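Below you'll find the structure, written out as structure tokens, and then a few comments.
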Amino acid sequence: GDSVTQMEGPVTLSEEAFLTINCTYTATGYPSLFWYVQYPGEGLQLLLKATKADDKGSNKGFEATYRKETTSFHLEKGSVQVSDSAVYFCALSGSYNTDKLIFGTGTRLQVFP
Amino acid sequence: DAGVIQSPRHEVTEMGQEVTLRCKPISGHNSLFWYRQTMMRGLELLIYFNNNVPIDDSGMPEDRFSAKMPNASFSTLKIQPSEPRDSAVYFCASTRSGDTGELFFGEGSRLTVL
């Protein structure tokens, strides 16, 4: 079945460092891909999405490109801030039910000043 | 517009007691999801409703768990009897069917079963 694999955390960075969080997927159809972020004590919220191959999603300085050839959707940010400390979830929409999202296990990012 | 509203935010109970978690989805949304989050298992989908009808309950752990959606603006997740291993944060999320991936999550209900 469809699945998402993302890198283990925690990822620990200094402020202004470059961030990459890897995400790969397995899907039988043509899913949409997402990154959600969860700040401490809150629910998840959509960070960015891409609905077809080669699309780039971007928001708040974060970017991710839908790479069909490598089945990847890596999250990047050029210069992280302390306020980016959170848990990041990669997700895809189900091949047969696009309302249902399949989430990865989450990657915790800790940014220190 | 108000977001997804969950109650209670925190619940501490003793093993064997009944627990009821509540969710009010965003007005106009017709799909509702219940998730459970733990350190060990991450984010698990428990059940999914569309137009108040349960579509997929394959994630419901066992018969102790039940969920209802009597109308478009209210859903409950009940655990009876509760056990310590049910301790987790339970999230409700809603979306408008077809708005692919735009799930809106509540702030969660943190359940501790002693």
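Protein chains in written order, with the working numbering: chain E, 359 to 471; chain V, 210 to 323. By construction, the Cβ of each residue, glycine as well, lies at the ideal position given by its N, Cα and C atoms. Quantities reported herein were computed from a predicted structural model and do not represent experimental measurements.
Give every residue of the same chain whose Cβ lies closer than 8 Å to the Cβ of V/I214, excluding the five residues on either side of it in the sequence, and list them in chain order. C232, K233, G315
Identify, in the order they occur along the chain, each residue of the same chain with its Cβ nearer than 7 Å to the Cβ of E/K407, setting aside the five sequence neighbours on each side. Take E/K407, set aside five residues on each side of it, and the residues of its chain with a beta-carbon closer than 7 Å to its own are S390, L391, F392, G415, in chain order.
Between E/F431 and chain V, is the shortest Cβ-Cβ distance under 9 Å, so that the two count as touching? Taking Cβ atoms only, chain V never reaches closer than 9 Å to E/F431, which makes this a no.
Run through chain E and tell me which residues come within less than 7 Å of V/D266, C-beta to C-beta. What V/D266 touches in chain E: nothing, since even the nearest Cβ is about 12 Å away.
Listed in chain order, which residues of the region 230–246 of chain V have Cβ atoms closer than 7 Å to some Cβ of chain E? S240
Please list the partners that V/F300 has in chain E, where partner means a Cβ-to-Cβ separation under 7 Å. G401
Suppose the cutoff is 6 Å on Cβ atoms and the five residues either side in sequence are ignored; what does the same chain contact list for E/S430 look like? T382
Interface flag, V/L255 vs chain E, CB-CB below 9 Å: no
Taking three-plus beta-carbon pairs below 8 Å as touching, is the region 285–298 of chain V in contact with the region 417–436 of chain E? no
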